[in-house]
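In what follows, a structure is listed as structure tokens, so that the remarks can point back to it.
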Amino acid sequence: GENVEQHPSTLSVQEGDSAVIKCTYSDSASNYFPWYKQELGKRPQLIIDIRSNVGEKKDQRIAVTLNKTAKHFSLHITETQPEDSAVYFCAASINDSWGKLQFGAGTQVVVTP
Amino acid sequence: EAGVAQSPRYKIIEKRQSVAFWCNPISGHATLYWYQQILGQGPKLLIQFQNNGVVDDSQLPKDRFSAERLKGVDSTLKIQPAKLEDSAVYLCASSLLLGGGYEQYFGPGTRLTVT
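Residue numbers (my numbering), protein chains in the order written: chain P, 88 to 200; chain S, 2 to 116.
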């Protein structure tokens with residue numbers, strides 16, 4: 088089955104700097120890659136996603152890149168703000184797996200003022 | 002629109018007791034998921050429903066866990082008997098349609114502590 092690895096497990100950045108989180112997946116059939124943000128004690132919420140026919144997607148200060156050959160995808164947050172502090176999860180899904188998501192272990196991002 | 006609802010929010014039980022969780026998905030969402038999230042880990046899918054049928058329960062410990070989605074709307078997840086390692090947050094999610102690429106909306110979760 089699909090296996091998703093996520094790095095780093097913790098990331099501390101100064102406010103205004105950029106943060107990058109990287110994930111690798113094992114199944115080349117995976118074709119949907121969402122990123123979820125989970126604040127302490129709250130539900131995971133989708134912040135951005137990318138499909139395998141696209142190499143990059145951007146939404147204001149966040150962007151995701153996908154390298155299908157290397158089987159890795161990354162989340163980029165620019166101009167970080169204190170409210171970006173949360174745990175971020177990457178996930179991968181295979182189109183014929185009925186939408187089943189395999190999640191990474193998560194990255195705790197701490198933005199210090 | 003109203004989000005995914007779950008209850009209870011917190012539950013503390015002793016090992017070998019039973020417990021049940023309830024989930025009400027977003028109206029009109031055909032697909033419903035139950036995830037287990039152990040502290041410090043990503044959510045792990047336990048079971049997935051399409052309407053009232055099971056699509057995937059390959060990671061559900063069927064000797065102690067059961068789930069149903071009668072009438073294709075609300076769902077309940079039961080653990081009987083509970084073990085210490087069942088301590089986790091149980092998240093329910095729903096999506097409009099079956100298949101990859103459809104956003105999954107999560108509920109607030111039920112935090113279970115087994116002592």
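Note that CB positions come from ideal geometry on N, CA and C, so glycine has one too.
What residues in its chain sit with their C-beta under 6 Å from that of residue i, if we drop five residues either side in the sequence?
i	result
P/Ala192	Gln93
P/Phe34	Any answer about residue 34 of chain P is impossible in this case: the structure gives chain P only from 88 up to 200.
P/Ile108	Leu162, Tyr175 and Thr194
S/Asp57	Gln49
S/Thr114	Ile13 and Ser88
P/Asn90	Ser113
S/Gln105	Ala94 and Ser96
Apart from the five residues on each side of it in sequence, which residues of its chain come closer than 7 Å, Cβ to Cβ, to residue i?
i	result
P/Gln132	Tyr123 and Lys124
S/Leu92	Tyr36, Gln38, Pro44, Phe107, Gly108 and Gly110
P/Gln168	Glu102 and Val198
P/Glu166	Gly103 and Arg148
S/Arg70	Leu33, Phe50, Asn53 and Ser76
P/Gly186	Ser180
P/Gly142	Thr152 and Leu153
Looking at residue j and residue i, is the spacing between their C-beta atoms short of 8 Å?
i	j	result
S/Arg17	S/Pro62	no
P/Lys158	P/Thr194	no
S/Asn53	S/Lys84	no
P/Tyr119	P/Asp136	yes
S/Pro26	S/Ser88	no
S/Ala4	S/Leu97	Per the sequence shown, the amino acid found at residue 4 of chain S is Gly instead of Ala. Against a cut-off of 8 Å, the Cβ pair of S/Leu97 and S/Gly4 comes out as no contact.
P/Val196	P/Leu127	no
S/Ala21	S/Lys79	yes
S/Leu46	P/Leu153	no
S/Cys24	S/Asp75	yes
P/Lys155	P/Ser172	no
Assuming residue i and residue j make a contact with CB atoms under 8 Å, what is their CB distance in whole Å?
i	j	result
P/Asp114	P/Ile181	6 Å
S/Thr32	S/Phe50	7 Å
At which residues does the beta strand (DSSP E) containing residue i begin and terminate?
i	result
S/Gln51	Lys45 to Gln51
P/Lys109	Ala106 to Tyr112
S/Asn25	Val20 to Asn25
S/Ala31	First-last for S/Ala31: undefined, no H or E at that position.
P/Ser99	Thr97 to Gln101
S/Val5	It is not in any beta strand (DSSP E) - S/Val5 carries neither H nor E in the DSSP assignment.
P/Asn118	Ser117 to Gln125
S/Ala94	Ala89 to Ser96
Determine whether the Cβ of residue i lies closer than 8 Å to any Cβ atom of chain C.
i	result
P/Leu127	In summary, chain C is missing from the structure at hand, where the protein chains are P and S.
Between which residues of its own chain and residue i is the CB-CB distance below 8 Å, once the five residues before and five after are set aside?
i	result
S/Ser8	Phe22, Trp23 and Thr111
P/Gly88	Asp114 and Gln189
*For the segment 132 to 188 of chain P, which segments carrying the beta strand (DSSP E) assignment without a break, of at least 3 residues, lie completely within its bounds, in sequence order?*
132 to 138, 143 to 146, 149 to 154, 159 to 164 and 173 to 181
_Runs of 4 residues minimum, wholly inside the segment 54 to 83 of chain S: which ones carry the alpha helix (DSSP H) assignment?_
none
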